[in-house]
Amino acid sequence: KNTENPEAARQLVQALTAAETQGENASLGANIPSRVSDEAIDAFLGFTPPENNQAFINALQNDPVAEGPLWAGSWPEYDRIMNEKVTAVLNGDLTIEEYANSVCDEANLAFNQ
Numbered sequence: 023k024n025t026e027n028p029e030a031a032r033q034l035v036q037a038l039t040a041a042e043t044q045g046e047n048a049s050l051g052a053n054i055p056s057r058v059s060d061e062a063i064d065a066f067l068g069f070t071p072p073e074n075n076q077a078f079i080n081a082l083q084n085d086p087v088a089e090g091p092l093w094a095g096s097w098p099e100y101d102r103i104m105n106e107k108v109t110a111v112l113n114g115d116l117t118i119e120e121y122a123n124s125v126c127d128e129a130n131l132a133f134n135q
């Protein structure tokens, strides 16, 4: 609304809510599609958990709003872990392979399982 570059903002929102992007998020079990299109819904329905994603699609018919992923945990702790890991890679103290092999296990400690 108050951006200096409304066209770039519009393009960003379109990219984030594209069926392909939402399908990628759905494959992680991380999101319900905010766009009600056959392509986005089909991508979402192909992944679990939960086993019955159709219930979420049905709910969109009554209240079609975009929601952020609902993860319970400590975002400051997650940020600390990620910043330390990325900094180590950028400083050459950690290889990309070491990063890839360790970051998820460490970052997951910030979230309730």
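Numbering-wise, this note's numbering puts 108 at position 86 of the sequence shown, and it's gapless, one number per residue.
Glycine included, every Cβ here is placed at the ideal spot set by N, Cα and C.
Which residue wins for smallest C-alpha separation from N130, given the options L112, G95, N105, Q83? G95
So what does DSSP say about G95, is it helix, strand or coil? Note: G95 maps to strand in three-state DSSP.
Excluding five sequence neighbours on each side, which residues of the same chain lie with their C-beta closer than 6 angstroms to the C-beta of L116? A110
Give the straight-line distance between the Cα atoms of W166 and A132, rounded to the nearest whole angstrom. Given that the chain is displayed from residue 23 to residue 135, the structure contains no residue 166 and the question cannot be resolved.
Between I118 and M104, what straight-line distance do the alpha-carbon atoms span, to the nearest angstrom? 13 angstroms
Is Y121 near the ligand MG - that is, is its Cβ less than 7 angstroms away from at least one heavy atom of it? The ligand MG is absent from the structure shown, which contains no ligand whatsoever.
Taking the alpha-carbon of D127 as reference, which of E46, Y100, G45, A41 has the nearest alpha-carbon? Y100
Among E61, A31, Q33, nearest to A41 - alpha-carbon criterion: E61
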